[in-house]
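Report on the structure given below.
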Amino acid sequence: NAGVTQTPKFQVLKTGQSMTLQCAQDMNHEYMSWYRQDPGMGLRLIHYSVGAGITDQGEVPNGYNVSRSTTEDFPLRLLSAAPSQTSVYFCASSYSLATETQYFGPGTRLLVL
Amino acid sequence: GEDVEQSLFLSVREGDSSVINCTYTDSSSTYLYWYKQEPGAGLQLLTYIFSNMDMKQDQRLTVLLNKKDKHLSLRIADTQTGDSAIYFCAHKMDTGRRALTFGSGTRLQVQP
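Taken in order, these protein sequences are the chains called A and B.
If you count the first sequence from 1, you need to add 1 to reach our numbering.
If you count the second sequence from 1, you need to add 22 to reach our numbering.
Here it is in structure tokens:
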């Protein structure tokens, strides 16, 4: 198993540009989520999904969209990037109610100029 | 997460024990976790404890939970330079959301 994979590893955007951060898992996990990590603030939940076709907002959803058309993929879209979205983004997944372990991807470092 | 608090920095000498502390405010927390993040890497689950337990030991790691004081600690015995990393405390509440609330992380520096 590759686990949770994220692409790209690093991205530089100009203000107003759009992009999609990719996340995929090959563990057949129902639950997937996106966090952002900022210095001194830990990880904050952006959006999450409890299964294909189901998404919901987390703590800091503004400026981000998600979709879950398949169990494996959970892309995060920035429609119009802002400097405040400069951060490290982590995708995570977990199996189901039977387990409490979340598996994290290696992260995407985003810089918005 | 403002309802999970950790000290920012801890420095220890190699071979000593490290104790990283965490306090949380929500008494409905069901699972409490410790994650490790090495430079440039994602988060790695170290261990977790269910809220009806007081202690959990896993090799060099000991987790202590004081539910009354809402205090969680991670003790690393015989700390090694490879233990240098940021350690995050996190908890999950008993809801269907299954999302974690993280503390801001404690940077552990192990000096040779």
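Quick reminder that beta carbons are idealized off the backbone N, C-alpha and C, glycines included.
Note that the coordinates shown come from a computational prediction; the quantities given were computed from them, not determined experimentally.
With the rule of 3 Cβ pairs closer than 8 Å, the stretch 32-43 of chain B does not count as touching the stretch 66-73 of chain A. Taking a Cβ-Cβ cut-off of 8 Å, the neighbours of residue 107 of chain A in chain B comprise 63, 64, given in sequence order.
Looking at B:25, B:42, B:62, the one whose alpha-carbon comes closest to that of residue 32 of chain B is B:42. A distance of 8 Å or more separates the beta carbons of residue 88 of chain A and residue 17 of chain A. Within the same chain, and ignoring the five residues on either side of residue 55 of chain A in sequence, the residues whose Cβ sits closer than 7 Å to its Cβ are 69. In this structure, the CA atom of residue 83 of chain B is about 25 Å from the CA atom of residue 91 of chain A.
The Cβ neighbour count for residue 33 of chain A, taken over all protein chains shown within 10 Å, is at least 16; the residue is labelled buried. Partner residues in a beta bridge of residue 16 of chain A, as assigned by DSSP, do not exist. Shortest Cα-Cα distance from residue 56 of chain B to any of B:47, B:108, B:104 involves B:108. Contact between residue 123 of chain B and residue 113 of chain B is confirmed by a C-beta separation of about 6 Å, below the 8 Å threshold.
Just measuring C-alpha positions, the residue of B:102, B:88, B:121, B:125 sitting nearest residue 134 of chain B is B:102. In this model, residue 85 of chain A and residue 65 of chain B are separated by some 23 Å (Cα to Cα).
For residue 67 of chain B, the chain A residues whose C-beta falls within less than 9 Å of its own C-beta are 102, 103, 104, 105, listed in chain order. Around residue 50 of chain A, no beta-carbon contact reaches into chain B at under 7 Å, the shortest distance being about 10 Å. When only Cα atoms are considered, residue 92 of chain B and residue 19 of chain A end up about 42 Å apart. By the rule that beta-carbons nearer than 8 Å mark a contact, residue 122 of chain B touches chain A.
When rounded, the separation of the alpha-carbon atoms in residue 48 of chain A and residue 62 of chain A is 6 Å. For secondary structure counted as the beta strand (DSSP E) over 3 or more consecutive residues, the stretch 15-88 of chain A holds these complete runs in sequence order: 20-26, 32-38, 44-52, 55-58, 65-67, 77-79.
Sequence-distant Cβ neighbours of residue 44 of chain B in its own chain, meaning closer than 6 Å and more than five residues away, are 28, 94, 111, 125. Of all residues in the stretch 95-110 of chain B, the ones placed with a Cβ closer than 8 Å to any Cβ belonging to chain A are 110, in chain order.
Selection B:47, B:80, B:60, B:51 evaluated against residue 74 of chain B yields B:51 as nearest (Cα-Cα). Around residue 46 of chain A, the beta-carbon contacts reaching into chain B at under 7 Å are 121. For residue 2 of chain A, the CB contacts under 8 Å within the same chain, skipping 5 residues up- and downstream, are 27, 28 in chain order. Comparing alpha carbon positions, the residue from A:78, A:8, A:59 closest to residue 51 of chain A is A:59.
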